[in-house]
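As structure tokens, the structure follows; a few thoughts come after it.
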Amino acid sequence: MNKNRYLLCLLLCGLLLYYAAPRMGVFNGGTEGIFAISWLALALFVIAGNLTALLFAPKKAAASGKQVRKMAERKRVRSFGR
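Just so we're aligned, residue 17 is where the sequence shown starts under my numbering, counting upward by one.
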């Protein structure tokens, strides 16, 4: 589920960059240039964070039957007879 979310965020960020990058004046002076540079830096941080989460996500191991029984026993102990 999370991998789909990371991929969706990457695609949306790519779409925003595709639309906005040609229209931004990075070399303009004043606040327009500062805004363009900060917006592009933020977009790169978003891409880097989502790629990192997508590529280095821990893999879930399937629980063996013994582990499932242990978790069920633990749940029964903590349920206090309910």
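Backbone N, C-alpha and C define an ideal beta-carbon position, used for all residues, glycine too. Given the structure is predicted, the values throughout are model-derived calculations rather than measurements.
query: Cα-Cα separation between Ala52 and Lys86, rounded to whole angstroms; result: 55 Å
query: Among Cys29, Leu23, Asn20 and Leu70, nearest to Trp55 - alpha-carbon criterion; result: Cys29
query: Same chain, Cβ closer than 8 Å to Lys19, neighbours up to 5 away in sequence not counted; result: Leu70 and Ala73
query: Proximity below 8 Å, CB of Ala59 to CB of Leu23; result: no
query: Exposed unless 16 or more other CB atoms sit within 10 angstroms - verdict on Asn44; result: exposed
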